[in-house]
Amino acid sequence: MIITVASSKGGVGKSTTTAALAGALAHQGRRVHVVDLDSNQTVSRWLGGQNFAPRLTVSVADPQDLTAHLAEMAAKSKPDVTLIDIAGTYERALTVAVARANLTIIPAAPSSRRPASPVISGRCSRPSAGSRCSGSC
Ligand SMILES: Nc1ncnc2c1ncn2[C@@H]1O[C@H](COP(=O)(O)OP(=O)(O)O)[C@@H](O)[C@H]1O
Ligand SMILES: [Mg+2]
């Protein structure tokens with residue numbers, strides 16, 4: 072199974088989601104391979120080179136070479152789950168990674184706007200009986 076964590080925005084939690092999922096799935100006993108397509112190599116810095124979890128491997132790939140890299144890693148690591156972490160830019164690799172995935176997760180940062188006021192103010196010419204008018208009649 073291939074899971075792509077995708078968004079054309081940076082800083083929304085793609086690498087965090089990838090690392091958390093990879094750790095959780097590996098600790099459940101699945102063989103997990105993480106493909107890092109971000110040239111910043113965030114997720115491979117977090118997970119690579121450490122004994123983060125058994126059955127967890129990480130590789131850094133050239134976004135232009137994703138299809139061949141996936142085939143190579145599938146043959147080498149034989150993962151139950153492959154997670155793809157992409158860079159926060161729109162590029163062809165995003166399209167390819169989403170097309171190759173069985174599941175795509177799109178993290179989104181919450182809006183910082185305040186929720187709309189529950190009271191709607193406005194003008195009303197004839198408020199109906201029992202209703203409250205919050206506007207200027
Ligand atoms: N669910 C979350 N809640 C709060 N902060 C988060 C969450 N997910 C990620 N972050 C923080 O947001 C920042 C960007 O996360 P990151 O996973 O690197 O984003 P991306 O890979 O999309 O660029 C990091 O500082 C990370 O710790
Ligand atoms: Mg990232």
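Throughout, our numbering is defined as the position within the sequence shown, counted from one, plus 71.
Ideal Cβ positions, reconstructed from N, Cα and C, are used throughout, including at glycine.
For residue i versus residue j, is the C-beta spacing smaller than 8 Å?
i: T160; j: L141; result: no
i: V103; j: D156; result: no
i: I73; j: A172; result: yes
i: P178; j: T88; result: yes
i: A180; j: V83; result: yes
i: P125; j: A168; result: no
i: V105; j: L118; result: yes
Return the residue from the list the options that minimises the CA-CA distance to residue i.
i: A93; options: S183, P150, L127 and D133; result: L127
i: S79; options: V169, A172, A158 and N173; result: A158
i: L108; options: G119, L118, Q135 and R101; result: Q135
i: Q112; options: A145, K85 and E143; result: K85
i: E162; options: E143, S110, G100 and S130; result: S110
i: S148; options: A95, R101 and S183; result: R101
Buried or exposed: where does residue i fall if 16 or more other Cβ atoms within 10 Å of its Cβ makes it buried?
i: L137; result: buried
i: A132; result: buried
i: A90; result: buried
i: L165; result: buried
i: C208; result: Confidence at C208 is low in this model, with a pLDDT of 49, below 50, so its placement is unreliable and the value that follows should be read with caution. Classification for C208: exposed.
Just checking residue i against ligand 4 - is the residue's beta carbon closer than 7 Å to any of the ligand's heavy atoms?
i: D156; result: Ligand 4 is absent from the structure shown, which contains only ligand 1 and ligand 2.
With a cut-off of 6 Å, give the chain-ordered residues whose Cβ is closer than this to any heavy atom of ligand 1. G81, G82, V83, G84, K85, S86, T87, T113 and G159
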